[in-house]
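So that you can map any letter, position 131 of the sequence shown is 131 in the UniProt record's numbering, and since no number is skipped, the others follow by simple counting. Idealized CB from N, CA, C, for every residue including glycine. Note that the structure is predicted; figures quoted are calculated from it, not measured. Take a look at the structure set out below.
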Amino acid sequence: MKSKLSLLLSAYIIGMSLLSVNVKALPQLAYAVDEIDKLEHEKQERLDAKEDLLIQATETEKEKAELSAQLEKFKKDLIASQNDLQLKNQLLLELANNKVLKQKLYEDTLMTKQKLMRTMYKGVQFSPLEIFLGSENFSDYSHTSNYFDRVIDEIHRQGTEIQGLLADLSQIITQEEKEKARLAVEAENLKNQTVETDKKVQEIATDLKNINSQIATLEGEIENITAEQEALIRSKLSATQLFTTVGDSEQGAQELPDPGFSPAYAAFSYGYPHRVGMSQYGAYGRAKAGQDYITILKAYYKDVSVEEMDGQPEEIEVTGVGSLNFEEEYLMGIAEMPASWANDGGMEALKAQAVAARTYALSYTNNGQGAICATQSCQVYLKSKAESDSAKAWHDAVEATKGMVIVNGGKPIKAWYASTAGGYTRLPTDFDVKWNSTPGYIKRIRDTDGGGKPYEGPSYADSPWFHKAWYSNADGHPWLTEEEMDDLLNAAQLSDDQNEHLSHPDNGGWSYEEVEEKVTEDGNDIIKDISSIKPIFSTEGYTSSLVVKHAGGTTEVDGQRFRKVFVLRSRGNLALWSSLYDIEVQ
Numbered sequence: 001m002k003s004k005l006s007l008l009l010s011a012y013i014i015g016m017s018l019l020s021v022n023v024k025a026l027p028q029l030a031y032a033v034d035e036i037d038k039l040e041h042e043k044q045e046r047l048d049a050k051e052d053l054l055i056q057a058t059e060t061e062k063e064k065a066e067l068s069a070q071l072e073k074f075k076k077d078l079i080a081s082q083n084d085l086q087l088k089n090q091l092l093l094e095l096a097n098n099k100v101l102k103q104k105l106y107e108d109t110l111m112t113k114q115k116l117m118r119t120m121y122k123g124v125q126f127s128p129l130e131i132f133l134g135s136e137n138f139s140d141y142s143h144t145s146n147y148f149d150r151v152i153d154e155i156h157r158q159g160t161e162i163q164g165l166l167a168d169l170s171q172i173i174t175q176e177e178k179e180k181a182r183l184a185v186e187a188e189n190l191k192n193q194t195v196e197t198d199k200k201v202q203e204i205a206t207d208l209k210n211i212n213s214q215i216a217t218l219e220g221e222i223e224n225i226t227a228e229q230e231a232l233i234r235s236k237l238s239a240t241q242l243f244t245t246v247g248d249s250e251q252g253a254q255e256l257p258d259p260g261f262s263p264a265y266a267a268f269s270y271g272y273p274h275r276v277g278m279s280q281y282g283a284y285g286r287a288k289a290g291q292d293y294i295t296i297l298k299a300y301y302k303d304v305s306v307e308e309m310d311g312q313p314e315e316i317e318v319t320g321v322g323s324l325n326f327e328e329e330y331l332m333g334i335a336e337m338p339a340s341w342a343n344d345g346g347m348e349a350l351k352a353q354a355v356a357a358r359t360y361a362l363s364y365t366n367n368g369q370g371a372i373c374a375t376q377s378c379q380v381y382l383k384s385k386a387e388s389d390s391a392k393a394w395h396d397a398v399e400a401t402k403g404m405v406i407v408n409g410g411k412p413i414k415a416w417y418a419s420t421a422g423g424y425t426r427l428p429t430d431f432d433v434k435w436n437s438t439p440g441y442i443k444r445i446r447d448t449d450g451g452g453k454p455y456e457g458p459s460y461a462d463s464p465w466f467h468k469a470w471y472s473n474a475d476g477h478p479w480l481t482e483e484e485m486d487d488l489l490n491a492a493q494l495s496d497d498q499n500e501h502l503s504h505p506d507n508g509g510w511s512y513e514e515v516e517e518k519v520t521e522d523g524n525d526i527i528k529d530i531s532s533i534k535p536i537f538s539t540e541g542y543t544s545s546l547v548v549k550h551a552g553g554t555t556e557v558d559g560q561r562f563r564k565v566f567v568l569r570s571r572g573n574l575a576l577w578s579s580l581y582d583i584e585v586q
């Protein structure tokens, strides 16, 4: 449904046409209606994306709760198992001590028997007649003989009994040792399960944090900027936003119109959009340079292996599409890289993309347990590509890498990728990304060959987004007059708490003169009559500052601050999508 403002503008256009008044304004008003409808559509897409994220957050919360409950059970079972093991150790110690005592008793009994036998042996040296004559009577003789026999029998019986007890104790100790070993294995398994489950809980907590961060980004507001300014910035960025990945067909190179005035200034971004993980054009350039797909992937992700992983799902649930065979249908229809690249040395890039897409899907769905969307919010799936003969090179890349996954710590990674990194990849926690967590396998790299030539640049892949000035058709061109550039550089010298006054003058912001007054009040030099603007690039891949030489001297302007002011204050829909940028002059 159209917004109220859109309907009012439509009614106004109809009324104006009926009255035949100000006909020249009609195309502009019609354009405004189209722009509002476009913004409404984009807003709805964001709302839909937010709804998907909210559902994902709910499912993740549920999974976290289930795993947390499982973790608590493992912890309790582990404590019980460790207690059982401790009791078993105490029992074995008691049994061992008892065995020692029984062994001592047996040895003492055996010694007594041996002493008695020696005594009897000595007695045998006398004849029975001598023993009898030595006795007072026959009764004494008989009594003495019987006594020795009974004592020997008793000692023998005790020894046999003790031997039996020792044998029983040995058997009991053997059984208890086996039980102790079983308990030790059980305790170790429970310990491993506890550690692994705790790790999963932490990973899910991180995922949930990232999801909530994405929701906040969709809802969020820019600090110290009024709602009207936020709407303006969103409108500007929406007007220049393109697909975040290359897609199924390649974008054309940008040809800038002549500014028609001089000097003319334009801000050029390096890369688009988030610059995290694998650069698709970088992969294309590396393939052209002769690298295979495993080398390409390891260039963008650290501490990983690329291997065939067992236990992958046969099918995957795709939101709005249904259940698809993972390899033969879903992956064959991933529309994130042109199949035509294979015709120009890019087959290994297609293979790298196939492995990255497979890995991303497995990580996103927890190995097929959840669903994945078919849009850029996840990764694009098109049934038509899965069935198209023109996509044969892509299908071949999927088939050639069947089952291959990027693995870290035994698990598929979140294989983030984007169109173009602009020569440098970034971390998710960097100031220009702000995804709140950086897995250990994501890294910053300078994406160039040994001679310093960017793989995404003209020497290799020649990405249309490698070095691009962002503007909309309504702007006509990205060029700024010297007065406009002076004003932006001056505004960038003001602090964040003055942002609410720094919209473009046509949108209620301070005039050029008012900005200059504030610059002077803050004790800074007014920038006028620019002779040069030199960007200072950080080795981490962003523009740290702009060194401006002008009539008043040399001023170094903070790079992050200028980018924010440029998006806020520049005319029309001019934008700086990347934190790595420079200024060109004609």
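Nearest to residue i (by Cα), restricted to the options the options
i      : options                        : result
Gln379 : Tyr293, Glu179, Ala356         : Ala356
Thr543 : Gly553, Val557, Asn98          : Val557
Leu208 : Ser81, Glu61, Thr420           : Glu61
Gln193 : Ala283, Ser170, Ser68          : Ser68
Ala267 : Glu514, Met485, Val519, Ile536 : Met485
Leu448 : Leu165, Phe261, Ala187, Gln291 : It is Thr, not Leu, that sits at residue 448 in the sequence shown. It is Gln291.
Thr438 : Val585, Arg446, Thr429, Met309 : Thr429
Ala283 : Val185, Tyr460, Ser363         : Tyr460
Asn366 : Glu327, Leu350, Ile413, Ala342 : Ile413
Leu105 : Asp198, Glu94, Gln56, Leu165   : Leu165
Thr554 : Ser538, Glu329, Asp529, Ala418 : Asp529
Ile536 : Tyr381, Gln163, Gln280, Tyr581 : Tyr581
Gly285 : Trp341, Leu324, Glu177, Lys564 : Trp341
Gln202 : Ala181, Tyr281, Asn212, Lys64  : Lys64
Glu327 : Ala339, Gln280, Ala397         : Ala397
Leu71  : Thr174, Glu176, Leu190         : Leu190
Met337 : Lys383, Ala393, Gly322, Leu324 : Ala393
Leu382 : Ala349, Thr420, Leu331, Thr359 : Leu331
His501 : Gly440, Ile445, Lys199, Val565 : Val565
Glu82  : Gln103, Asp168, Lys180         : The question names Glu, but residue 82 is Gln in the sequence shown. The candidate whose alpha carbon is nearest that of Gln82 is Lys180.
Asn499 : Gly260, Gly403, Ala299, Arg563 : Arg563
Thr322 : Ser279, Ala349, Ile372, Lys298 : The sequence shown places Gly at residue 322, not Thr. The option with the nearest alpha carbon to Gly322 is Ile372.
Ile445 : Met278, Asp389, Ala184, Gln175 : Met278
Extent of the continuous alpha helix (DSSP H) to which residue i belongs
i      : result
Ala374 : First-last for Ala374: undefined, no H or E at that position.
Ser384 : 383 to 387
Asp396 : 392 to 400
Ser363 : 347 to 364
Ile294 : 293 to 300
Tyr284 : 280 to 288
For residue i: DSSP bridge partner residues
i      : result
Tyr424 : Arg446
Asn408 : Lys411
Asp582 : Phe268
Trp470 : Ala575
Pro454 : Thr448
Val201 : Val201 is not bridged to any residue.
Tyr417 : Met278
Ile334 : Tyr381
Presumed contact (8 Å Cβ cut-off) between residue i and residue j, rounded CB distance
i      : j      : result
Gly368 : Ile316 : 5 Å
Trp470 : Val276 : With a Cβ gap of about 19 Å, Trp470 and Val276 do not count as contacting.
Leu494 : Asp522 : 7 Å
Asn490 : Glu514 : Going by Cβ atoms, the distance from Asn490 to Glu514 rounds to 10 Å, so no, they are not a contact pair.
Tyr272 : Ser578 : 6 Å
Pro263 : Val585 : 6 Å
Asn210 : Trp435 : 6 Å
Thr425 : Lys351 : Actually they are not in contact, since the Cβ atoms of Thr425 and Lys351 sit about 20 Å apart, beyond 8 Å.
Leu574 : Pro478 : 6 Å
His550 : Ile527 : 5 Å
Range of the contiguous beta strand (DSSP E) that encloses residue i
i      : result
Ala264 : Looking at the DSSP string, Ala264 is not in any beta strand (DSSP E), and its letter there is neither H nor E.
Ser305 : 305 to 308
Gly322 : 322 to 325
Ile316 : 315 to 318
Let me know the alpha helix (DSSP H) ranges lying completely inside the segment 474 to 560, each 4 residues or longer, listed in chain order. 482 to 491, 512 to 521
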